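The C-terminal position of the sequence shown is numbered 1399 in my numbering, with every residue numbered one higher than the one before it.
Backbone N, C-alpha and C define an ideal beta-carbon position, used for all residues, glycine too.
Since the model is a prediction, treat every value here as computed from it, not as a measurement.
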Amino acid sequence: MNRRSVLAAAGVGALGVAVAACSGSGLGPGEDTPADPPVRLTFTPALDAEPAGPTTEFSVKATDGFLNPDVKLTNPRGVVVKGQLSADRTSYTIGEPLGYGTEYTWSGTAVGLDRKVVPVAGTFTTLTPSSQVNVVVNIGDGQEVGIAAPIILKFDGTVEDKEAVERALTVTTTPPTEGSWAWLGEDNGSRVHWRPREYFAPGTKVSMVAKLYGLDHGGGAYGAADVTSDFSIGRAQVVKAEESSHRIVVLRDGVELMALPCSYGGGDLDRNVTRSGIHVVTEKYEEFFMSNPAAGYFNIRERWAVRISNNGEFIHANPATVNVQGSANVTNGCINLSESDAERYFGVAVYGDPVEVTGTRIALSEADGDIYDWIYDWETWQGMSAVKGEVRETSVPATPSGAPTSNAPAPR
């Protein structure tokens, strides 16, 4: 063999080694190389599922592939619903509540590990409630109220699943304040109150969040909107009203602010007795026309009227009883003051101030209006909650959901 032949043979041998190194697959004779898999899409809820609630988590996920940035969800008007593509492009999640009874459409594309592009396509429909329940809260954002003010949520329909609704309600306070919700029975399950165990500390910051939109209230009814309220507690003002003293004493942060001669309800008839118990200031009017058919008067103009219950009890001016104010109780249940004293008290009274009436023979009760929260001892009040045996946190700041609120635009 000449030198050229030796070199050629060596070259062939080297090539043979290289080919063996590149093509070694571990496959046995007759076996094919596995193909890369196509992308698999998972819709939540499934496209063929029953209609879902509008606050359900709506998403599409890709396995063995990736979603493209053109993925979106649109409503029947073609409006794109807010959503977020994950950083690894394997999921797209809707970021806002949907509407009731609406068909939504997925569109876009995905690519598999096999490098084939497939459509992201399909429709689903959200549920249609038999009714939607609205709710209003008694204290507005930014309001400053008295230390006995309860939070009141009034629903415009009966709430059958009280536990589910109550679990959607959160009250947070700074400083932390022990409190509880209670369902009041005379409104057939359409009103729930939250009150602290003791009066609020002055200066307390309160945030209430009711995440009710999309929530099943029972009986086919669902929440129409979320409701929130952020408010504060003002100074600690209490009216001490002992019937036998024939006066009221207004205390501000524990210090006497004013002591005013008055006349309470006459004790001759039950309907005239000023009720004993913790009343709460709810309204005030510089001028108010009062009627009491049982007592035989209608549309009598009174000045500086501060309502303390819905059974007709006010603290107000009454010139007709000035001669006995401070010495006798002769009214039809209200607390009468002179015009100048009534104006003085009117000027310092705010919603939620407690008026503690004592010494009369009839106690404040459920029959006496909307706010009788303080007639109950703490154990009884807690027993009126639909969530039994739990201590619920009230000090962690609340983060409202993205669901529609009572003053928010309609869902997409």
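Whose C-beta lies closer than 6 Å to the C-beta of V1226 among residues of the same chain, with five residues either side of it excluded?
I1235, V1237, V1342
Does the beta-carbon distance from M1172 to R1182 come in below 8 Å?
Here residue 1172 is Gly; the residue named in the question, Met, does not match the sequence. Against a cut-off of 8 Å, the Cβ pair of R1182 and G1172 comes out as no contact.
Once DSSP output is grouped into helix, strand and coil, what is the label at Y1332?
Of the three classes helix, strand and coil, the one that applies to Y1332 here is helix, per DSSP.
Would you decide whether V1122 is buried or exposed? Buried here means 16 or more other CB atoms lie within 10 Å of its CB.
buried
Going by C-alpha distance, which of V1047, V1026, P1032 is nearest V1098?
Check the Cα spacing between V1098 and each of V1047, V1026, P1032: the tightest is with V1026.
Assign V1242 to buried or exposed, taking buried as 16 or more other Cβ atoms, counted over all protein chains shown, within 10 Å of its Cβ.
exposed
A1071 lies in the beta strand (DSSP E); which residues open and close that run?
A small fix is needed here, since residue 1071 is Gln in this sequence, not Ala. Q1071 -> beta strand (DSSP E) spans 1070 to 1072.
Hey, N1305 and G1252 are a contact pair by Cβ (cut 8 Å); roughly how many whole angstroms apart?
Rounded, the Cβ-Cβ distance is 12 Å, inconsistent with contact.
Check this for me: beta carbons of W1411 and G1109, under 8 Å apart or not?
Past the boundaries of the shown model lies residue 1411; the chain is included only from 988 to 1399, so the question cannot be answered.
According to the Cβ coordinates, are S1278 and Y1272 closer than 8 Å?
no
According to the Cβ coordinates, are Y1200 and D1213 closer than 8 Å?
yes
DSSP three-state call for S1194: helix, strand or coil?
Strand.
Looking only at its own chain, which residues have a Cβ that is under 6 Å from the Cβ of T1345, when we skip the five neighbours before and after it?
E1229, S1263
Looking only at its chain, what residues have a beta carbon closer than 7 Å to the beta carbon of I1126, apart from the 5 residues adjacent to it on each side?
V1132, A1136, I1138, S1216, F1218
Separation of V1068 from G1210, as counted between CA atoms:
21 Å
State the CB to CB distance for the pair A1403 and L1114, rounded to an integer number of angstroms; the pair is presumed to be in contact (CB under 8 Å).
What the structure shows of the chain is the stretch from 988 to 1399, and residue 1403 is not part of that stretch, so it cannot be assessed.
Taking the straight line between their C-alpha atoms, what separation do you get for V1260 and G1207?
In this model, V1260 and G1207 are separated by some 45 Å (Cα to Cα).
Same chain, Cβ closer than 6 Å to R1294, neighbours up to 5 away in sequence not counted
T1269, E1270, F1301
Which class does D1257 belong to by DSSP, given the choice of helix, strand or coil?
helix
At which residues does the alpha helix (DSSP H) containing T1367 begin and terminate?
Where T1367 is concerned, the enclosing alpha helix (DSSP H) stretches over 1365 to 1370.
Less than 8 Å between the CB atoms is what I'm expecting for G1205 and N1298, so what's the real figure, rounded?
With a contact defined as Cβ atoms closer than 8 Å, G1205 and N1298 miss out at about 32 Å.
Pull up the DSSP beta-bridge partners for S1094, would you.
K1059
Need the endpoints of the alpha helix (DSSP H) that V1152 sits in, please.
1149 to 1154
With a 10 Å radius around its C-beta and 16 neighbouring C-beta atoms as the bar for buried, classify Q1071 as buried or exposed.
exposed
DSSP on T1089, reduced to helix/strand/coil?
Coil at T1089, not helix or strand.
Taking buried to mean at least 16 other C-beta atoms within 10 Å of its own C-beta, is T1367 buried or exposed?
exposed
So A1292 is in the beta strand (DSSP E); what residue range does that whole segment cover?
1284 to 1294
Taking the C-alpha atoms as reference points, what is the distance between S1046 and F1030?
6 Å
Quick one: using the 10 Å Cβ neighbour count with 16 as the cut-off for buried, is I1358 buried or exposed?
buried
Among D1023, T1043, T1080, which residue has its Cα nearest to the Cα of G1052?
D1023
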